[in-house]
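2 protein chains.
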Amino acid sequence: MPTEVYVAGVGMTKFGKSTLSLPQLMVEAASKAIVDARVSTIDYVFIGVMSVEEFTGESNFAALITDRLGLPGIPSSRVETASSTGSAVFESAFYAVASGYHRNVLIIAGEKMTHLPTAQTTRILAEVIDQGERKYGASMPSLAAMITRRYQHDARLSDERLQSILSKVAIKNHYNGSLNPYAQFRKIITAEDYFGSRYVSTPLRTYDCAPITDGAVAIVLTLDKKLIRVSGLGHATDTLAVRHRDSLTSFKSTRLAAWQAYNMAKLSPKDISFAEVHDAFTPFEIIGTEDLGFFPHGEGWMAVEEGATSIKGRLPINPSGGLKARGHPVGASGLAQIAEVAQQLRGEMEASRQIPGARIGLTQNIGGLANNNLVTILERTDRYRPIPVYFKPDYDPGDIRPRPIPEEPSSVDSGILETYTTLYTTPEGMPSPLTLGFLSTPDGRLIMARSRQENLKIGQAVDVEKEGDLYYLQPSPSPEKDAEGVRKWLHRALSPTERKEENP
Amino acid sequence: MPTEVYVAGVGMTKFGKSTLSLPQLMVEAASKAIVDARVSTIDYVFIGVMSVEEFTGESNFAALITDRLGLPGIPSSRVETASSTGSAVFESAFYAVASGYHRNVLIIAGEKMTHLPTAQTTRILAEVIDQGERKYGASMPSLAAMITRRYQHDARLSDERLQSILSKVAIKNHYNGSLNPYAQFRKIITAEDYFGSRYVSTPLRTYDCAPITDGAVAIVLTLDKKLIRVSGLGHATDTLAVRHRDSLTSFKSTRLAAWQAYNMAKLSPKDISFAEVHDAFTPFEIIGTEDLGFFPHGEGWMAVEEGATSIKGRLPINPSGGLKARGHPVGASGLAQIAEVAQQLRGEMEASRQIPGARIGLTQNIGGLANNNLVTILERTDRYRPIPVYFKPDYDPGDIRPRPIPEEPSSVDSGILETYTTLYTTPEGMPSPLTLGFLSTPDGRLIMARSRQENLKIGQAVDVEKEGDLYYLQPSPSPEKDAEGVRKWLHRALSPTERKEENP
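These protein sequence lines are chains S and C, in that order.
The working numbering numbers the first residue of the first sequence as 51 and each following residue consecutively.
The working numbering numbers the first residue of the second sequence as 51 and each following residue consecutively.
Written out as structure tokens, the structure reads:
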């Protein structure tokens, strides 16, 4: 039997724009977690921060925090996996405890972001993106926007319906955030607010994107039996470049991580009472709920329309308000998700937002553009659950086989437009607005290109020319050209809705 | 019994100035380690890099490397503890294997540094230093230089003798490097070379400081029994600020980490066949061998004079050439030390540099200015060693109790000069040359100050005035003033040579 690891204590700061420094935020969160855990010693301090050197100009941050905690001597390491840092540092701390070498381990994750100009923050965050896509000016919102538009196309959703669905995710998460005293945004938003907000990258608006946030979270893990147990962990990477993926509308890294976590916990999606799903962009919450096996692929949006994922629904998603409303200090968000799940399971939430009878909770945390994702499952230990020796979760992860990374095509002159966006908030040093697209080439590869015109359509034939280092696309005057041979790239198995008519 | 973890494979690139990118270097090292390990699967990839965002402009680096390895899917995390990153990532990977959740784990550590101007690299490396000392223009070499001058004073060494001892460390490590095909510097240096090199920060010359280096190292750890076992791990932090320490001439973080590693391995210093000791500066090798219990405090320099630490001596130190000659890609050095030890223990070195009969090897790796240090012990498993249940290493770590971090004094007007240096290679944006000192105040605290004159003397009374944010010191016209009450700060137990006359 593997060694069991328990959550002993949880603490966090209010998320938002803070006048405190990052070390001060982290010390505040850690102090609360240590008090909550009632442990007399800490054997190891794990620190989670994403781009602390660039955001704050400090390196050697693990030792800096033990110093500020007044714990010089205690070993300390920093763990980082871009925006999934909060879950990854939890995972490494879990191994340190499960190995039997440390009894009580303190995990602190945080980020300080609001003090920099937005273009600089956008540039720092864009360093997670593959260089071959970043050079086009691609930012996180623009890649998310292209994924959204492809999802819309495959699910046969009209523009109005897509916007209505996305607005419902934003409104739900802001409502949940309004109940959470630690959330950055505590005001309810309406459909009018949503539709009144400007586009960041079409079709995504301000209210579709998680904000820039300061904040810190801490958790104490222990070998001593407590109410909450860590029952499942999964972690998987994917190709750095979005254009090297099998699918634009499903994240293999989530599916692989979920498969591992369900197997380790010996649980299936139906056993999960509620989940915190990485909604850095509202469509990612929908895709996340599909990849986790809560809803069939291409149908997660229906659950949003039905209200199934609201805090009183049958499967509450992001009761904390999610990254959208609780806020998204990049290195901290994963640990904030886990903290929310632990506190919900302990039944200590405000009555207005306590999920009644919650026994098992799950978090899904995305690193980069979904290429370093983690899934974490916590459960209460106060009711006996027989754990079968032979077990296969009732979960179909789809095709999770590794695949060689395709070579870059040597020259391209035409293709079919697979998705596109117009980005308005571009990274530091890039022109604005900027229209970007992914197109599939006749030999079945996907490439990124810029477009000088914004009026494009998925599925249309495009001509491509290279200027310097970049491809530029424009709609082809002979639209039937190359219709054959393209799209080898897309794995249709992942898009079961494709053959449907437009959803009524 | 805890789960045993073994070293299955080792690989590294040549260290030096490379035209390859950091991902290319890391893939080269990893490929060699995987071939060497003869494992059929890798379950997890741990990445060690220190300031990769600032050196290369890439973040999300763990996922980037699994992508470049052609292993998208495999989980990957980055671990960082400044210049001890190489050992810290080894430690976290050790826990992942020892926990039983992963069978074969690949560790890759690397850094790419030579492409930037030296002043920029110095500034990036100086971000590890406490803000209250960094603001004076303190760099790593200047802090090391002040530690060296204090060591010289306590050991009663003349200037000539100190320089002769330091030159012997440099000459020894360059000789060892000349035998190591992976070393950055493969040429033997002479005393003339040493004394002909310029001062970086008095009394440290160019040949006392590790170079700026590109390079990568990889190790595969496994649960399957192999020839080399990981038998001891120790990890400890210290205060970020040097002025908050108990001693300038001994590193508590090394002593605490060594104490843990010896206890875990159930070994004493006398059991160690040879060691790789963090010689980012030549005096740190001497202090390291004292803190590890190989020689009494204040007497490590005698072993250098006697040649005991040469590759044919009774306790070879840095047979690889050390950071000094093998090179110091900051995030990789700790793992390079461990790789050297593993290969020496396997008996696969070139005959000219193989340590005969080596059974147990140790590494000591310094993070920041010795505030996040690790000690790692590897041993051969092919001869039975009875491991006692009750064991206390024959090692006196000295006073390793945690101590509260002192408050900053509100105002200072006089003190006693404890040590000083003149720094010539200052960080980007700082004047050059720059004379810095630490002085003890009448209430027993240590502060940093700048000096407008270079001609100073340890132990002299100084007057202090504040200009803006910085203290400035100058020799006091009334030298007897304040002689009482100062120096409460220094722990004399750690300076046993202090009462001796100048060493003959």
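Even glycine gets a Cβ: it sits at the ideal position worked out from N, Cα and C.
Requested in this report: For S/R126, I'd like the list of residues in its chain whose CB is within less than 8 Å of its CB, leaving aside the five on either flank, ordered along the chain.
Outcome: The question names Arg, but residue 126 of chain S is Ser in the sequence shown. The beta carbon of S/S126 lies closer than 8 Å to those of Y94, V95, F96, I97, A112, A113, I115 and T116 in the same chain, with the five residues before and after it left out.
Query raised in the report: Using the beta-carbon of each residue, which ones in chain S are nearer than 7 Å to C/G150?
Result: Against C/G150, the close residues of chain S are P52, in the order they occur along the chain (beta-carbon pairs closer than 7 Å).
Query - Residues bridged to C/A499 (per DSSP) - result: Answer is C/G487, bridged to C/A499.
Requested in this report: Give the single residue among C/R305, C/A79, C/L229 and C/I455 whose Cα lies nearest to the Cα of C/R295.
Outcome: Of the candidates C/R305, C/A79, C/L229 and C/I455, the one whose C-alpha sits nearest the C-alpha of C/R295 is C/I455.
Query raised in the report: If you measure beta-carbon to beta-carbon, which residues of the region 402 to 435 of chain C are closer than 9 Å to chain S?
Result: The region 402 to 435 of chain C vs chain S, Cβ under 9 Å: G417, G418, L419, N421, N422 and L424.
Query raised in the report: Should C/A533 be labelled buried (16 or more other beta-carbon atoms within 10 Å of its own) or exposed?
Result: With a pLDDT of 48 at C/A533, under the threshold of 50, the modelled position of this residue cannot be trusted, and the question is left open.
Query - Residue from S/Y232, S/Q202 and S/S300 with nearest C-alpha to S/P253 - result: S/P253 has its Cα closest to that of S/Q202, out of S/Y232, S/Q202 and S/S300.
Query raised in the report: Can you list the beta strand (DSSP E) stretches of 3 or more residues lying completely in the region 60 to 102 of chain C, in chain order?
Result: You should have 94 to 98.
Query raised in the report: Would you call the CB atoms of C/S303 and C/N422 closer than 8 Å?
Result: Their beta carbons are under 8 Å apart, which means C/S303 touches C/N422 by this criterion.
Requested in this report: Please compile the residues from chain S whose C-beta is within a distance smaller than 7 Å of the C-beta of C/E183.
Outcome: Correct list: empty, because the minimum Cβ distance to chain S is about 12 Å.
Report task. Express the C-alpha separation of C/A132 and C/L385 in angstroms, rounding to a whole number. Result -> Across the structure, C/L385 and C/A132 are spaced so that their CA atoms are roughly 13 Å apart.
Query raised in the report: Does the Cβ-Cβ distance between S/R118 and S/V147 come in under 8 Å?
Result: No, the Cβ-Cβ distance between S/R118 and S/V147 is not below 8 Å.
Query raised in the report: Mind checking if C/P452 is an interface residue toward chain S, Cβ cutoff 8 Å exclusive?
Result: It does: the Cβ of C/P452 has a partner Cβ on chain S nearer than 8 Å.
Query raised in the report: So is S/G220 buried or exposed if we call it buried at 16+ other beta carbons inside 10 Å?
Result: The sequence given here has Ala at residue 220 of chain S, not Gly. Of the other Cβ atoms in all chains shown, 16 or more fall within 10 Å of the Cβ of S/A220; this residue is therefore buried.
Report task. Assuming C/I278 contacts C/L395 (C-beta within less than 8 Å), just tell me the rounded distance between them. Result -> Confirmed, Cβ separation roughly 5 Å.
Query - Reduced DSSP category for S/Y145 - H, G, I as helix; E, B as strand; rest coil - result: DSSP places S/Y145 in helix when its eight states are reduced to three.
Requested in this report: Kindly confirm or deny that the region 506 to 518 of chain S and the region 238 to 247 of chain S touch, where touching means at least three C-beta pairs closer than 8 Å.
Outcome: For the pair of segments examined, the region 506 to 518 of chain S was found not to touch the region 238 to 247 of chain S: the number of CB pairs separated by less than 8 Å stays below three.
Requested in this report: Can you grab the Cα-Cα spacing for the pair C/E183 / S/K316, in whole Å?
Outcome: Approximately 52 Å, taken between the alpha carbons.
Query raised in the report: Taking the DSSP output, what are the residues bridged to C/H285?
Result: Partner(s): C/L424.
Query - Separation of S/S297 from S/R542, as counted between CA atoms - result: A caution first: S/R542 carries a pLDDT of 35, below 50, which makes its placement in the model unreliable, though a value can still be read off. The straight-line gap from Cα to Cα measures roughly 9 Å.
Query raised in the report: Whose C-beta lies closer than 7 Å to the C-beta of S/A499 among residues of the same chain, with five residues either side of it excluded?
Result: If we look at S/A499 and ignore the five residues flanking it on each side, its Cβ neighbours are G487, L489, V514, Y521, Y522 and L523.
**Report entry** Straight-line gap, C/V462 to C/T491 (C-alpha atoms, nearest Å)
**Finding:** Roughly 7 Å between the two C-alpha positions.
**Report entry** Given C/V57 as reference, the closest of C/Q393, C/Q74, C/A382 and C/A260 once Cα atoms are compared
**Finding:** The residue among C/Q393, C/Q74, C/A382 and C/A260 with its C-alpha nearest the C-alpha of C/V57 is C/Q393.
Requested in this report: Identify every residue that forms a DSSP beta bridge with S/N154.
Outcome: According to DSSP, which records beta bridges pairwise, S/N154 is partnered with S/T272.
Query raised in the report: In the structure shown, what three-state DSSP assignment does S/S134 receive?
Result: Coil at S/S134, not helix or strand.
Report task. Using only alpha-carbon positions, find the residue among C/S251, C/S149 and C/R409 that is nearest to C/T471. Result -> Per the Cα distances, C/S251.
**Report entry** Contact residues within the region 103 to 119 of chain S, judged by C-beta distance below 7 Å to chain C
**Finding:** Cβ contacts with chain C come from E103, E104, G107, E108, S109, N110, A112, A113, L114, T116 and D117.
Query - Exposure label - S/G136; buried when at least 16 CB within 10 Å - result: With 16 or more other Cβ atoms inside 10 Å of its own Cβ, S/G136 counts as buried.
Query raised in the report: Can you list the residues of chain S that C/E177 reaches, using a CB-CB cut of under 9 Å?
Result: Going along chain S in sequence order, the residues near C/E177 (Cβ under 9 Å) are E103, G107, E108, S109 and N110.
Query - Those residues which DSSP pairs with S/Q414 across a bridge - result: Per the DSSP secondary-structure output, S/Q414 pairs in a beta bridge with S/V327 and S/V425.
Query raised in the report: What three-state label does DSSP hand C/D532 in the structure shown?
Result: In this predicted model, C/D532 has a pLDDT of only 46, less than 50, meaning its place in the structure is not dependable; the value taken from the coordinates is given anyway. Coil.
Requested in this report: Note down, in chain order, every chain S residue with its Cβ under 7 Å from the Cβ of C/A138.
Outcome: Within chain S, the residues near C/A138 are S127.
Query raised in the report: In chain order, what residues of the same chain lie with their CB nearer than 8 Å to the CB of S/D209, ignoring the 5 residues before and after it?
Result: Closer than 8 Å at the Cβ level, and outside the excluded window around S/D209, lie Q202 and P253.
Query raised in the report: Which stretch, first to last residue, makes up the alpha helix (DSSP H) that contains C/S217?
Result: For C/S217, the enclosing alpha helix (DSSP H) covers residues D209 to S228.
Query raised in the report: DSSP state of S/D449, grouped into three classes?
Result: Here S/D449 carries a coil assignment [DSSP, helix/strand/coil].
Query - Coil, strand or helix - S/I405 by DSSP - result: Shown here, S/I405 sits in coil according to DSSP, grouped into three states, outside any helix or strand.
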